[in-house]
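Per our numbering, the sequence shown starts with residue 20, numbered consecutively.
Every residue gets a Cβ at the ideal spot worked out from N, C-alpha and C, and that includes glycine.
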Amino acid sequence: MSIFATIDKFVIRDNKSSLGNLERMLAGIDWNFNSYGGINEGCYKDWSLDIHAARKILEVERVPRFPHSTILEGGAIHVDGEDLFINCFLPSRTCLTTEECLLNKNRNLHLTKEQVEDELKAYLGVKKIIWLPHGLFGDDDTNGHIDNLCCFVKPGAALLSWTNDESDPQYERSVEAFSVLSHVTDAKGRKLEIIKLHVPGPLYMTDEEAAGLIQNGEAKPRLPGSRIAASSYVNFYIANGGIITPQFGDQKWDDEAVRVLSLAFPDHEVSDSINSLLPGYIYMFYNLHS
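Here it is in structure tokens:
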């Protein structure tokens with residue numbers, strides 16, 4: 020089934036709805052959206068079409084819509100799926116997020132950490148929130164979305180973006196996240212199994228890549244030589260029976276990502292057919308098909 024909706028940017032995952040169990044039925048939560056930070060700090064200045072994307076999808080799918088004033092993108096949260104649609108009214112699910120994003124002053128300045136937790140629990144049907152301090156290094160566009168840093172493989176097990184290179188700015192962030200995950204339990208009281216998924220080496224915008232982008236002042240500039248954010252294998256796409264993993268042209272870590280994901284998802288076929296130095300290509304595919 021195809022759904023046609025005009026949007027401002029291709030990252031539909033971040034401005035479409037989240038599905039939850041509200042008032043004893045499946046419903047879509049239509050979160051607010053402000054282009055990852057609003058007029059002064061957002062990625063682009065006009066998101067007037069994006070804020071209607073969730074409504075359009077829910078109308079076509081005939082799913083009840085619950086509008087919400089809290090600003091939240093789909094990539095800012097990750098839920099473990101524990102007892103999904105089985106034990107809807109006694110939540111036992113765990114949610115991952117980052118303080119860097121959800122507590123950023125450019126999202127919900129009026130809400131405290133406790134109030135953000137209350138909203139997530141009420142609308143997502145989760146029992147526990149695990150807060151990681153920061154997202155992936157250089158993920159300035161989203162202010163550190165969790166989807167580039169860490170995700171659940173299954174209840175009780177999480178993949179974490181990792182680097183062994185102590186000179187990489189990501190190293191400190193990965194160690195910090197590993198420490199948090201090592202000392203918490205999930206909503207069911209289990210210690211988490213942490214699977215390290217090494218990031219590729221640093222990637223930088225080439226002259227050719229920068230020349231292919233329109234620099235018109237309506238979005239953040241992408242300059243030659245700047246480090247490309249979101250270089251993470253954690254932000255893969257999961258389909259029925261398959262995993263599509265990003266490939267960045269770093270053969271050592273590209274191959275390692277396929278190996279680790281194959282072990283983490285033994286019932287899925289891992290595909291590395293998409294190969295590009297621009298992580299946005301797989302990111303675009305992932306978000307257009309979420």
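When only Cα atoms are considered, E228 and G208 end up about 47 Å apart. In the three-state scheme derived from DSSP, where H, G and I count as helix and E and B as strand, W66 is classed as coil. Put simply, the backbone Cα of A258 is about 9 Å away from that of H287. When the five nearest sequence neighbours on each side are left out, the beta carbons in the same chain lying within less than 8 Å of the beta carbon of I90 are those of W50, N51, F52, N53, R126, N127, in order along the chain.
Annotation note: the region 71–132 contains the following uninterrupted alpha helix (DSSP H) runs of length 4 or greater, listed N- to C-terminal: 72–80, 118–121. Of the candidates D137, G163, L45, G163 places its Cα closest to the Cα of N123.
Scanning K132, N59, L115, E275 for the CA closest to the CA of I149 turns up L115.
Between W181 and S193, the C-beta gap is smaller than 8 Å, which places the two residues in contact.
Beyond the five residues adjoining it in sequence on each side, V82 comes within less than 7 Å, by CB distance, of L45, A46, G47 in the same chain, given in chain order. Measuring C-alpha to C-alpha distances from L139 to each of R278, N167, C170, G93 identifies G93 as the nearest. Counted as a single uninterrupted DSSP element, the beta strand (DSSP E) harbouring L45 occupies residues 44–51. Beyond the five residues adjoining it in sequence on each side, V289 comes within less than 7 Å, by CB distance, of I262, T264, V277, L280, S281 in the same chain, given in chain order.
For the 8 Å CB-CB criterion, F267 and D273 form a contact.
DSSP, read as helix, strand or coil, puts K140 in helix. Boundaries of the beta strand (DSSP E) harbouring Y256: 256–258, taken from the DSSP string. The beta carbons of L216 and L179 sit closer together than 8 Å. When rounded, the separation of the alpha-carbon atoms in V79 and E195 is 42 Å. No Cβ-Cβ contact shorter than 8 Å links D160 with Y252. Annotation note: the region 139–195 contains the following uninterrupted beta strand (DSSP E) runs of length 3 or greater, listed N- to C-terminal: 145–151, 169–173, 176–181. Membership of I213 in the beta strand (DSSP E) is indicated by the continuous run 212–217.
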